[in-house]
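Undergrad: Heads up: the sequence shown begins at 21 in this note's numbering, then just goes up one per residue. Have a look at this one before I ask anything.
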Amino acid sequence: MGLHYCINHLYDKNKIDWNHLMFSNLDLRKLLVPLIIENLLTSFMGMADSMMVTRVGSAAISAVSLTDSINNLVIQLFSAMATGGTIICSQYIGSSDLKRSNDAARQIVLAVTSIALFVAVVAELFHLSILHLVFGKVDDDVMQAAAIYFRYTAASFPFLALYQVGAAFFRAGGNSRFPMKISVLSNLLNIAGNAFFIFALGMGVGGAALSTLISRAFSAIVLFIFLRLPRQPIVIQHILGIRPDFAMIGRVLSIGIPSGIENSMFQFGKLAIQSSVSTLGTTAIAAQAMTIIFENVNGIAGIAVGMGLMTVIGQTLGAGRKEEAKYYMIKLIRCGYLVILVSCLLTCLVSRPVMFLAGMEPAAAALCWKMLL
Numbered sequence: 021m022g023l024h025y026c027i028n029h030l031y032d033k034n035k036i037d038w039n040h041l042m043f044s045n046l047d048l049r050k051l052l053v054p055l056i057i058e059n060l061l062t063s064f065m066g067m068a069d070s071m072m073v074t075r076v077g078s079a080a081i082s083a084v085s086l087t088d089s090i091n092n093l094v095i096q097l098f099s100a101m102a103t104g105g106t107i108i109c110s111q112y113i114g115s116s117d118l119k120r121s122n123d124a125a126r127q128i129v130l131a132v133t134s135i136a137l138f139v140a141v142v143a144e145l146f147h148l149s150i151l152h153l154v155f156g157k158v159d160d161d162v163m164q165a166a167a168i169y170f171r172y173t174a175a176s177f178p179f180l181a182l183y184q185v186g187a188a189f190f191r192a193g194g195n196s197r198f199p200m201k202i203s204v205l206s207n208l209l210n211i212a213g214n215a216f217f218i219f220a221l222g223m224g225v226g227g228a229a230l231s232t233l234i235s236r237a238f239s240a241i242v243l244f245i246f247l248r249l250p251r252q253p254i255v256i257q258h259i260l261g262i263r264p265d266f267a268m269i270g271r272v273l274s275i276g277i278p279s280g281i282e283n284s285m286f287q288f289g290k291l292a293i294q295s296s297v298s299t300l301g302t303t304a305i306a307a308q309a310m311t312i313i314f315e316n317v318n319g320i321a322g323i324a325v326g327m328g329l330m331t332v333i334g335q336t337l338g339a340g341r342k343e344e345a346k347y348y349m350i351k352l353i354r355c356g357y358l359v360i361l362v363s364c365l366l367t368c369l370v371s372r373p374v375m376f377l378a379g380m381e382p383a384a385a386a387l388c389w390k391m392l393l
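See below:
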């Protein structure tokens with residue numbers, strides 16, 4: 021009772037115009053539901069790779085798992101940049117300053133593209149050194165497959181980064197439905213590509229990685245084609261003509277870097293665990309790989325609510341509605357706890373059927389179930 025009282029007194033109800041809220045419950049549902057679906061589908065892309073290469077063998081799923089633990093660190097970097105972009109653009113949109121919102125978006129594109137290209141080049145040139153440094157000595161067949169998968173996925177980093185910031189621009193304007201549609205198409209393309217490259221052409225993990233590269237390129241290209249059209253608050257044209265505004269880039273990084281460090285610490289912990297597991301053999305690596313997939317699904321819905329929170333808070337603060345921003349923050353935090361609880365229960369229910377459908381080897385499946393419990 022005391023906690024409930026304290027929470028409800030974190031904002032001044034008398035300073036909120038309840039008849040003219042910026043976001044109604046319907047508006048919040050329209051923003052959050054597509055975000056949750058999009059994040060589930062984005063997670064499913066990696067899950068589809070792991071599940072489909074499982075049928076190639078434990079060495080294949082082990083290679084995908086080891087590489088994705090590194091890839092996730094890179095994804096956190098780009099996600100942090102997108103976070104900074106969402107907050108800044110949302111504030112400008114909330115204050116009805118679309119020109120500065122568009123200027124900020126152009127600088128974000130320039131910064132993210134530059135960083136993504138640099139990271140991709142480093143990963144391509146030193147992929148074997150990075151894998152050996154992080155995981156030490158693993159089975160030769162696992163290391164060979166991991167090297168192939170890493171090179172293809174590293175090539176997709178620029179497209180992944182552009183998709184994340186492009187989707188963030190749509191969300192900053194309150195449109196989370198369009199990125200969700202692109203994510204649906206991208207996942208269908210990825211699954212079809214996996215089936216073709218892995219099974220029809222027999223490319224193994226290389227086929228899964230190539231399919232991921234193609235689907236990420238598709239997502240980024242389609243998003244930026246539509247960002248050229250004046251149908252949303254943020255419009256980006258003449259990308260090649262963007263010139264750096266270091267003050268704006270610095271503002272984005274001042275938000276994105278702390279967020280990236282916070283998320284990266286969690287990923288470093290997972291990477292350390294993965295590095296230790298890599299010495300325990302192929303069965304342990306395969307079990308850990310599937311466990312990580314289930315863990316990621318557990319948190320996806322909560323992460324999506326957090327992404328929606330940035331748009332809502334950004335726009336309300338940009339409009340000068342501080343107390344209303346506090347109200348939405350509390351409301352969406354409660355929503356986040358609820359969806360995480362539901363997703364955890366669902367994961368427990370579907371985990372064993374998923375392991376069976378994925379064709380996991382019995383020893384790896386049994387170990388995965390123990391880790392989930």
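Glycine included, C-beta positions come from ideal geometry on N, C-alpha and C. Small disclaimer: the values here were computed from a predicted structure and weren't measured.
1) According to the neighbour-count rule (16 or more other Cβ atoms, all chains shown, within 10 Å of its Cβ), is N39 buried or exposed?
2) Starting from M223, follow the alpha helix (DSSP H) in both directions and report where the run begins and ends.
3) Find out if the Cβ-Cβ distance for the pair I6, G213 is shorter than 8 Å.
4) Where does E381 sit, in a helix, a strand or coil, going by DSSP?
5) Looking only at C-alpha atoms, which of Q308, M349, E343 sits nearest to A79?
6) Are the beta-carbon atoms belonging to F98 and Y348 less than 8 Å from one another?
7) Taking 8 Å as the cut-off, decide whether the C-beta atoms of I218 and M72 are in contact.
8) If you follow the alpha helix (DSSP H) that R197 is part of, which residue opens it and which one closes it?
9) In terms of residues, what are the limits of the alpha helix (DSSP H) holding L123?
10) Hey, out of A321, L300, F170, P178, whose CA is closest to A131's CA?
11) Three Cβ pairs or more, each shorter than 8 Å: is that satisfied between the segment 77-91 and the segment 120-130?
12) Near G193, which residues of its chain fall below 7 Å by C-beta distance, leaving aside the five closest residues on each side in sequence?
13) Determine, using beta carbons only, whether A324 and N45 come nearer to each other than 8 Å.
14) What's the C-alpha gap between R372 and I81?
15) Any idea what DSSP makes of A324, helix, strand or coil?
16) Under 6 Å Cβ to Cβ from F189, same chain only, skipping five residues before and after it: list those, please.
17) Can you tell me whether L23 is buried or exposed, with buried defined as 16 or more other CB within 10 angstroms of its CB?
18) Could you check what DSSP says for P250 in three-state terms: helix, strand or coil?
19) Locate the alpha helix (DSSP H) running through G453, then write down its first and last residues.
20) Buried or exposed: where does Y357 fall if 16 or more other Cβ atoms within 10 Å of its Cβ makes it buried?
21) Within 10 angstroms of the Cβ of L145, are there 16 or more other Cβ atoms? Answer buried if so, exposed if not.
22) For the alpha helix (DSSP H) that Q164 lies in, which residues bound it at each end?
23) Judging by CA-CA distance, which residue of G186, F266, V162 is the nearest neighbour of G226?
24) With H, G and I counted as helix, E and B as strand and the rest as coil, what does DSSP make of P54?
25) My assumption, with CB atoms under 8 Å, is that G334 sits in contact with I107. Please give the rounded CB distance.
26) Excluding the 5 residues preceding and the 5 following A339 in the sequence, name in chain order all residues of the same chain whose CB lies nearer than 7 Å to its CB.
27) Exposed or buried, what is R354 when buried is set at 16 or more other beta-carbons lying within 10 Å of its beta-carbon?
28) Beta-carbon within less than 7 Å of A167's beta-carbon, same chain only, minus the 5 sequence neighbours each way: which residues are those?
29) Using the Cα positions of F376 and S110, report the straight-line distance between them to the nearest angstrom.
30) Who are the near neighbours of R171 in its chain, counting only those whose CB is closer than 7 Å to its CB and skipping five residues on each side?
31) Where does S47 sit, in a helix, a strand or coil, going by DSSP?
32) Between M200 and P54, how many whole angstroms is the CB-CB distance? I'm expecting something under 8 Å.
33) Take the Cβ of F198 as the centre, count every other Cβ of all protein chains shown within 10 Å, and call the residue buried at 16 or more, exposed below.
34) Under 8 Å by Cβ, that's how I've got M380 and C388 pegged, so tell me the actual separation to the nearest angstrom.
35) Out of E344, I320, A385, which one is the CA nearest neighbour of V362?
36) Hey, would you say L30 sits closer than 8 Å to I350, going by beta carbons?
TA: Taking the coordinates as given:
1) By 1-based counting over the sequence shown, the position of residue 39 is 19. Exposed, because fewer than 16 other Cβ atoms sit within 10 Å of the Cβ of N39.
2) As a first step, residue 223 must be located in the sequence shown, where it is residue number 203. Unbroken run through M223: none, as it is neither H nor E.
3) Nothing in the structure corresponds to residue 6, since the chain is present only between 21 and 393.
4) Counting from 1 along the sequence shown, the entry for residue 381 is found at position 361. Three-state DSSP puts E381 in coil, outside helix and strand.
5) If you number the sequence shown from 1, residue 79 lands on position 59. Closest by alpha carbon: Q308.
6) Counted from its first residue, the sequence shown places residue 98 at position 78. Counted from its first residue, the sequence shown places residue 348 at position 328. Not a contact, by the Cβ cut-off of 8 Å.
7) The sequence position of residue 218 within the sequence shown is 198, counting from 1. The sequence position of residue 72 within the sequence shown is 52, counting from 1. Taking 8 Å as the Cβ cut-off, I218 and M72 qualify as a contacting pair.
8) In the sequence shown, counting from the first residue as 1, residue 197 sits at position 177. Segment 197-214, the alpha helix (DSSP H) holding R197.
9) Counting from 1 along the sequence shown, the entry for residue 123 is found at position 103. The residue asked about is misnamed: residue 123 is Asp in this sequence, not Leu. Taken as a continuous stretch (DSSP letters only), the alpha helix (DSSP H) holding D123 covers 118-145.
10) Residue 131 sits at position 111 when you count from the first residue of the sequence shown. It is P178 whose Cα lies nearest to the Cα of A131.
11) no
12) Position 173 of the sequence shown, counted from the first residue, corresponds to residue 193. Cβ neighbours of G193 beyond the five flanking positions: I113, Q252, P253, I254.
13) Stepping through the sequence shown from its first residue, residue 324 is reached at position 304. Stepping through the sequence shown from its first residue, residue 45 is reached at position 25. No, the Cβ-Cβ distance between A324 and N45 is not below 8 Å.
14) The count along the sequence shown starts at 1 and reaches residue 372 at position 352. The count along the sequence shown starts at 1 and reaches residue 81 at position 61. In a straight line, the C-alpha of R372 is about 17 Å away from that of I81.
15) By one-based count along the sequence shown, residue 324 stands at place 304. Helix.
16) By 1-based counting over the sequence shown, the position of residue 189 is 169. Within the same chain, F189 has close Cβ partners A125, I254.
17) Within the sequence shown, residue 23 is the residue found at index 3, counting from 1. Unreliable placement is indicated for L23, whose pLDDT of 47 sits below 50; no coordinate value is reported for it.
18) Here residue 250 corresponds to residue number 230 of the sequence shown, with the count starting at 1. In this structure, P250 counts as coil in the three-state DSSP scheme.
19) There is no way to answer for residue 453, as the model of the chain reaches only from 21 to 393.
20) Locating residue 357 in the sequence shown gives position 337, where the first residue counts as 1. With fewer than 16 Cβ atoms within 10 Å of its Cβ, Y357 is classed as exposed.
21) Residue numbering aside, residue 145 sits at position 125 when the sequence shown is read from its first letter. Counting Cβ neighbours within 10 Å, L145 comes out exposed, since fewer than 16 surround it.
22) The residue you call residue 164 lines up with position 144 of the sequence shown. 160-175 is the extent of the alpha helix (DSSP H) around Q164.
23) On the sequence shown, residue 226 is found 206 positions in, with the first residue counted as 1. G226 has its Cα closest to that of V162, out of G186, F266, V162.
24) By 1-based counting over the sequence shown, the position of residue 54 is 34. Three-state result, P54: helix.
25) Start at 1 with the first residue of the sequence shown, and residue 334 comes out as number 314. Start at 1 with the first residue of the sequence shown, and residue 107 comes out as number 87. Yes, G334 and I107 are in contact; Cβ-Cβ is about 5 Å, under 8 Å.
26) By 1-based counting over the sequence shown, the position of residue 339 is 319. These residues qualify, in order along the chain: M42, G114, S115.
27) In the sequence shown, the residue the question calls residue 354 occupies position 334. Its Cβ having fewer than 16 others within 10 Å, R354 is exposed.
28) For the purposes of this step, residue 167 is taken as residue 147 along the sequence shown, with counting starting at 1. Same-chain partners within the cutoff: H147, L148, L151.
29) Within the sequence shown, the letter at position 356 stands for residue 376. Within the sequence shown, the letter at position 90 stands for residue 110. One C-alpha to the other measures close to 44 Å.
30) Position 151 of the sequence shown, counted from the first residue, corresponds to residue 171. So the qualifying residues of the chain are E144, H147.
31) Your numbering for residue 47 matches position 27 in the sequence shown. First, the residue type needs correcting, since residue 47 is Asp and not Ser in the sequence shown. Helix.
32) Residue 200 sits at position 180 when you count from the first residue of the sequence shown. Residue 54 sits at position 34 when you count from the first residue of the sequence shown. Contact holds; Cβ gap of about 4 Å.
33) Numbered from its first residue, the sequence shown carries residue 198 at position 178. F198 should be labelled buried.
34) Against the sequence shown, residue 380 aligns to sequence position 360. Against the sequence shown, residue 388 aligns to sequence position 368. Contact flag correct, Cβ pair sits at about 7 Å.
35) The residue given as residue 362 occupies position 342 in the sequence shown. Cα-wise, what sits closest to V362 is I320.
36) Along the sequence shown, read from residue 1 onward, the residue named residue 30 stands at position 10. Along the sequence shown, read from residue 1 onward, the residue named residue 350 stands at position 330. It is a contact, given that the beta carbons lie within the stated cut-off.
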